[in-house]
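Take a look at the structure set out below.
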Amino acid sequence: MAFSHTRSNSLPSRPHPLTSQINEHFSRLNASQATSSSLVCQKLCSLQDLHDCVDKLILLPLTQKSLAQEQNEKWVDDVLDGSLRVLDVCSMARDALLQTKEYAQEIQSIMRRRRGNETGFSGEIKTYLISRKVVKKKIHKALRDLKNLGNKSSFSPFNEDQEAVAIANMLKELEVVTLIELESLLTLISGGSKAQSKLSDWSLVSRLMHPRRISCEAEETEVNEFEKLDSALHSLIYKKSISDNTVPAENVLHQLKEFDFCIQELEEGLESLYRRLIKTRVSLLNSFSLPSIENPVITQLDEHLRRFRASEDASTSSSFGGKLSRLQDLYDCVNKVLLLPLIQQALAQENNEKWVDELLDGSLQILDLCNAAKDSLLQTTECMHELQSILRRRGYGEIGLSNEVKKYLASRKVVKRAIHKALKVMQNKCIFATINGDHETTTMFNMLKEVQATSLNVMESLLFFISGPKTKSVGWSLVSKLVSQKTAASADQTDRNEFAEVDAALIGLVKHKTSKSDNIKVVQSQLEILELCIQDLEEGLKCLFRHLIKTRVSLLNILNH
656 MAFSHTRSNS
666 LPSRPHPLTS
676 QINEHFSRLN
686 ASQATSSSLV
696 CQKLCSLQDL
706 HDCVDKLILL
716 PLTQKSLAQE
726 QNEKWVDDVL
736 DGSLRVLDVC
746 SMARDALLQT
756 KEYAQEIQSI
766 MRRRRGNETG
776 FSGEIKTYLI
786 SRKVVKKKIH
796 KALRDLKNLG
806 NKSSFSPFNE
816 DQEAVAIANM
826 LKELEVVTLI
836 ELESLLTLIS
846 GGSKAQSKLS
856 DWSLVSRLMH
866 PRRISCEAEE
876 TEVNEFEKLD
886 SALHSLIYKK
896 SISDNTVPAE
906 NVLHQLKEFD
916 FCIQELEEGL
926 ESLYRRLIKT
936 RVSLLNSFSL
946 PSIENPVITQ
956 LDEHLRRFRA
966 SEDASTSSSF
976 GGKLSRLQDL
986 YDCVNKVLLL
996 PLIQQALAQE
1006 NNEKWVDELL
1016 DGSLQILDLC
1026 NAAKDSLLQT
1036 TECMHELQSI
1046 LRRRGYGEIG
1056 LSNEVKKYLA
1066 SRKVVKRAIH
1076 KALKVMQNKC
1086 IFATINGDHE
1096 TTTMFNMLKE
1106 VQATSLNVME
1116 SLLFFISGPK
1126 TKSVGWSLVS
1136 KLVSQKTAAS
1146 ADQTDRNEFA
1156 EVDAALIGLV
1166 KHKTSKSDNI
1176 KVVQSQLEIL
1186 ELCIQDLEEG
1196 LKCLFRHLIK
1206 TRVSLLNILN
1216 H
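Listed below in structure tokens is the structure:
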């Protein structure tokens, strides 16, 4: 398979070794369509090399100058949105591989332990097949979304010199080619040879670049590793021939080993590609967003934000401790950025005063949530210490123990109401005005706004964690109101935490009228764990609070001057 269009205008006309290298990478990737895991792995390696070359091209002074002079914000946004789309699809493929691998390894482990006993692992196989259906639905939805990209109009740069137009075409084709290979990977993971054969009906290439891919293998229906394993597992539990029970099970176990190796190769390729995609996006952001501000602090700030975008939602006390620590590093970087003369000059302009006011309002909202979290932890700690003291002094079965437990649970209800009230107030406040300024100032403001959105998201999650086991509502997530970028938040997360464990244990202790010694010991142990958890969170919040105050002072100084 190959593109039929010529490539004379794809890259800058001025001779440079990177130009021919990128042309070669495009040609190799467009020459064939991957239909097996080995071919997909080769394509992923080729994509890594392509993005390495593009990243080097973006860093060339001539390219930097051309991108820095671009004034068409819609085109710039289109390019940056494209890099985010690619990252989103890559992340989804990683998640699909991880979910499939975990279930497959569970089956493999059980089959080794229960050889020949089909009934012993049929339940696990059914669970795996159900999980595969979920993965396939997500993939098919993603493929439909990619199909709809072809209906969206693309923007051209205002700068009509040949250099700028060539770079624009190269960046668009880079997005398209990367999405096509990720599309093939998703189709492979879904086990859909039928879906693969239909790919030409709405190929991203035909919709976005308009060349025709020539294939002599249109009728081929190659079965891939995912499809083979799905079929084998389905046959193993639904074909009830007694004579076939042992042999198919051994064959399936062998397929599972090969399947595990296949996924490992794909995961390694995706992980390497993901790192290069991030690197390319950072280069684009630096070239587009901050043409006159060449400072390593800006790159560090964007890198911190990228890490937060790529990280999973915190669900344990240790992960929240890590989030709070990373927020401190983020605000260290923000404070350095706000001290840059060019940044201060841009934000201090009279027409930007309302934006600085919005940032100041946002800093107050974060401080309010930080205070709410500190107060909640303090109140919980005080009641917890009283309960621990009673347990040590009175031993087991004391009359006053029940009252102290009820007192603690009552204080927890007060804490939860205060948290829900604080979050409701934030729901009504979190609205940012539309930004209409020069591109550089707008980009800087958007970065600072994303810092605040990230902070609010962490504080919101932490408050839900402190309040107990209820899940986080996604209907009015602070991030969705503050930034347009989607975060991969789990809507149905119900992880139990130290606060929830203690609440549940104490409720059980009150309901059982007899206070057994073993139950008391369990409660005491959980209270000790909760105490350590609260200490870590309090230290993290205290340090973060100081950084937030410092940032607010910097903003006030900019506004006053």
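All the letters of the sequence shown, read from the start, carry residue numbers 656 to 1216 under my numbering. Glycine residues also receive a C-beta, built at the ideal position from the N, C-alpha and C atoms. Small disclaimer: the values here were computed from a predicted structure and weren't measured.
Exercise for review: Identify whether residue 922 lies in helix, strand or coil by the three-state DSSP scheme.
Suggested key: helix
Practice item. Under 8 Å by Cβ, that's how I've got residue 830 and residue 741 pegged, so tell me the actual separation to the nearest angstrom. Key: About 6 Å separates the beta carbon of residue 830 from that of residue 741, a gap short enough to meet the 8 Å contact definition.
Check your understanding: Among the residues of its own chain, which have a CB less than 7 Å from the CB of residue 991, if the five just before and after it don't count?
Key -> 952
Practice item. State the Cα-Cα distance for the pair residue 1188 and residue 795, rounded to the nearest angstrom. Key: 42 Å
Review point. Three or more beta-carbon pairs under 8 Å between the stretch 909 to 920 and the stretch 756 to 766, yes or no?
Key: Yes, since at least three Cβ pairs between the stretch 909 to 920 and the stretch 756 to 766 fall closer than 8 Å, the two stretches touch.
Practice item. Quick one: using the 10 Å Cβ neighbour count with 16 as the cut-off for buried, is residue 1212 buried or exposed? Key: exposed
Exercise for review: Go through its chain and collect everything with a Cβ distance to residue 832's Cβ below 6 Å, but skip five positions before and after it.
Suggested key: 684
Practice item. Output the distance between the C-alpha atoms of residue 967 and residue 1104, rounded to the nearest integer angstrom. Key: 20 Å
Review point. Is the beta carbon of residue 819 sitting closer than 8 Å to the one on residue 938?
Key: no
Check your understanding: With a cut-off of 8 Å, do at least 3 Cβ pairs link the stretch 1040 to 1047 to the stretch 1174 to 1189?
Key -> Verdict: yes, contact present.
**Study point:** Expected contact under 8 Å - CB spacing of residue 779 and residue 689 to nearest Å
**Key:** Not confirmed; about 31 Å, so no contact.
Review point. Tell me which same chain residues have a C-beta within less than 6 Å of the C-beta of residue 979, skipping the five on either side of it?
Key: 1195, 1199
Point to revise | 8 Å Cβ cutoff met for residue 988 and residue 1114 | key: no
Practice item. Taking the CB atoms as reference points, tell me whether residue 801 and residue 834 lie closer together than 8 Å. Key: yes
**Study point:** Ordered list of alpha helix (DSSP H) runs contained in the stretch 1003 to 1051, each at least 4 residues
**Key:** 1008 to 1049
Review point. Quick one: is residue 1071 buried, meaning 16 or more other Cβ sit within 10 Å of its Cβ, or exposed?
Key: Residue 1071 comes out buried.
**Study point:** Selection from 1097, 678, 735 that minimises the alpha carbon distance to residue 705
**Key:** Looking from the CA of residue 705, the closest CA among 1097, 678, 735 belongs to 678.
Check your understanding: Where does residue 1152 sit, in a helix, a strand or coil, going by DSSP?
Key -> coil
Check your understanding: Going by C-alpha distance, which of 1100, 718, 762, 936 is nearest residue 964?
Key -> 936
Point to revise | Inter-residue spacing [alpha-carbon to alpha-carbon] between residue 781 and residue 763 | key: Going from the Cα of residue 781 to the Cα of residue 763 covers about 13 Å.
Review point. In three-state DSSP terms, what is residue 879?
Key: coil
Point to revise | C-beta contact flag for residue 607 and residue 1203 at 8 Å | key: One cannot answer for residue 607 here, as it falls past the ends of the chain, which runs 656 to 1216.
Point to revise | DSSP-derived helix/strand/coil call for residue 968 | key: coil
Point to revise | residue 682 - containing alpha helix (DSSP H), residue span | key: 672 to 685
Review point. Is the CB-CB distance between residue 673 and residue 702 below 8 Å?
Key: No, they are not a contact pair.
Point to revise | For residue 839 and residue 695, the rounded distance between their alpha carbons | key: 8 Å
Check your understanding: When you compare only the Cα positions, how much space is there between residue 750 and residue 1035?
Key -> 37 Å
Review point. Around the C-beta of residue 1009, are 16 or more other C-beta atoms found within 10 angstroms, so that it is buried, or is it exposed?
Key: exposed
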